[in-house]
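Asker: Using this note's numbering, the first residue of the sequence shown is number 17, and each one after it goes up by one. Take a look at this one; I'll ask things after.
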Amino acid sequence: MKNQKIVFFAVVLFFFFATNGFSQFKTDFASPLKKSVTNSVKPSVNIGFLGGFAMFNNGTGVNLGLFTEIELDRFAVVPMADYWKVDNASNFEMAGLLRLKFKGTTSNMDPYVDGGIGVNFYENTDPNPNTKPKKLTNAGLLLGGGLEFSNLLEGSLIFVDAKYKIIINDEKNVSGYTLTGGIKIPL
Numbered sequence: 017m018k019n020q021k022i023v024f025f026a027v028v029l030f031f032f033f034a035t036n037g038f039s040q041f042k043t044d045f046a047s048p049l050k051k052s053v054t055n056s057v058k059p060s061v062n063i064g065f066l067g068g069f070a071m072f073n074n075g076t077g078v079n080l081g082l083f084t085e086i087e088l089d090r091f092a093v094v095p096m097a098d099y100w101k102v103d104n105a106s107n108f109e110m111a112g113l114l115r116l117k118f119k120g121t122t123s124n125m126d127p128y129v130d131g132g133i134g135v136n137f138y139e140n141t142d143p144n145p146n147t148k149p150k151k152l153t154n155a156g157l158l159l160g161g162g163l164e165f166s167n168l169l170e171g172s173l174i175f176v177d178a179k180y181k182i183i184i185n186d187e188k189n190v191s192g193y194t195l196t197g198g199i200k201i202p203l
């Protein structure tokens, strides 16, 4: 029951920030067609690939993923697919993140923070019978941040990202860190 309350709170928080972020832009759909639009907001869309390290269950392994970033000014919605493998444990995650970008101190480096929820398909094939859980499909929470570098590669963005992840489970939560780098390509 406690985990259900945590997931419910995370979903409510996700929708609060999503609606709050989109409500900052004028969306007057009832205006006549002849009226000129003065506050035109066009989102930019990036596709990205990431790779790096995962630290779960007192071990270190590999982390790979891909995502799409739908960006409106400093606010972005990021659907992503992520896979990590550490020793005998692996996880595939489909997540939705909300990202808030800050203006960096230099013109080519911008920091950001993000957080969200995901669905995890976790499997642990450790031969030790005391190791639990073996397989589970459950919700997870993500919290992280990173840096984007805009002038390193022409036509794309290079980034580094760190996240803390929790896979919610009734018996024992699975938690760990990922440290990744990657590239974002504007569409």
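Cβ atoms here follow ideal geometry from the backbone N, Cα and C, with glycine treated the same way. What you are looking at is a predicted structure, and each value in this text was computed from that prediction instead of being measured.
Alpha carbon to alpha carbon, how far is Trp100 from Pro59?
Answerer: Start at 1 with the first residue of the sequence shown, and residue 100 comes out as number 84. Start at 1 with the first residue of the sequence shown, and residue 59 comes out as number 43. When rounded, the separation of the alpha-carbon atoms in Trp100 and Pro59 is 30 Å.
Asker: Can you give me the start and stop residues for the beta strand (DSSP E) that Glu187 sits inside?
Answerer: By one-based count along the sequence shown, residue 187 stands at place 171. That residue, Glu187, is in no beta strand (DSSP E); it is neither H nor E in DSSP.
Asker: Look up Lys200 in the DSSP assignment and say whether it is helix, strand or coil.
Answerer: In the sequence shown, the residue the question calls residue 200 occupies position 184. It is a strand residue.
Asker: Give the straight-line distance between the Cα atoms of Asn136 and Gly171, rounded to the nearest whole angstrom.
Answerer: Taking the sequence shown and counting its residues from 1, the one referred to as residue 136 is at position 120. Taking the sequence shown and counting its residues from 1, the one referred to as residue 171 is at position 155. Cα to Cα, the separation comes out at about 33 Å.
Asker: Does any heavy atom of the ligand MG sit closer than 7 Å to the C-beta of Met96?
Answerer: For the structure depicted, the ligand MG is absent and the ligand set is empty, with no information on it obtainable.
Asker: Considering only the alpha carbon of each residue, which of Phe69, Thr84, Ile86 and Glu85 lies closest to Val78?
Answerer: Here residue 78 refers to the residue found at position 62 of the sequence shown. The shortest Cα separation from Val78 among Phe69, Thr84, Ile86 and Glu85 belongs to Phe69.
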